[in-house]
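Residue numbering for the sequence shown follows UniProt numbering, starting at 1 and increasing by one per position. For glycine and all other residues, C-beta sits at the position ideal for the given N, C-alpha and C.
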Amino acid sequence: ASVAVGSSHDGDVPEAADFSDGGVFFVLCAMLGLAARMTLGRSGVPYTLLLLVGGVVVEAAVNSVDGGLGMIGHSVSSWTALSPHAILFVFLPALVFGSAFAVDYHVFTREMGQILILAVPGIIIATVLTAVFAVLAMPYSFSWYDGLTFGA
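Encoded structure:
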């Protein structure tokens, strides 16, 4: 499947990018993630750690093999070229919703005091420390208002 992603230099015919290989990596990741989830439930190895190591291994394999693993390499390349805005606006809300939906309501309400005690001062401290760094160490001559805005 070709999708027009821009215009050519002469302005007549739009350039087309082939995104058909992108589905290969998506399906492969979904199958490997499902297999990992099913087998690691009993072992005690954190799922996110396995995904991180798996991602590093796949990227190293794609970059080290001559030809880049063929269709899988093209698929990985199409996913790594994905816009950061697409990740922010498409994938992040789904991940946050999935995590929020899985929270046990009774545990959340019981721990709300501790969450607020840690979160509110933590955000304030991080904002102030980032503002101090922005005002004193960065070469942009930020005012304290600019530094606090940058820190927030």
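Spatial distance of residue i from residue j (CA atoms)
| i | j | result |
| --- | --- | --- |
| G70 | V56 | 18 Å |
| G113 | I124 | 17 Å |
| P46 | N63 | 26 Å |
| R110 | P139 | 45 Å |
| P84 | L92 | 11 Å |
| A61 | G147 | 42 Å |
| E59 | A30 | 16 Å |
| H106 | T80 | 39 Å |
Beta-carbon proximity list for residue i, same chain, < 6 Å, skipping 5 on both sides
| i | result |
| --- | --- |
| V132 | none |
Local Cβ density within 10 Å of residue i, reported as buried at 16 or more and exposed below that
| i | result |
| --- | --- |
| S75 | buried |
| G122 | exposed |
| S78 | buried |
| G73 | buried |
| F25 | buried |
| G44 | exposed |
Any chain C beta carbon closer than 8 Å to residue i
| i | result |
| --- | --- |
| G54 | Annotation note: the requested chain C is absent from the structure, which comprises a single protein chain. |
Beta-carbon gap between residue i and residue j smaller than 8 Å
| i | j | result |
| --- | --- | --- |
| G151 | A137 | no |
| L40 | L52 | no |
| L32 | G54 | yes |
Contacts around residue i, its chain only, beta-carbon distance under 7 Å, and the 5 residues preceding and following it disregarded
| i | result |
| --- | --- |
| D10 | Model confidence at D10 stands at a pLDDT of 48, short of 50, so the residue's coordinates are unreliable and nothing is read from them. |
Cut-off 8 Å between Cβ atoms - residues of its own chain near residue i, not counting five sequence neighbours on either side
| i | result |
| --- | --- |
| A100 | none |
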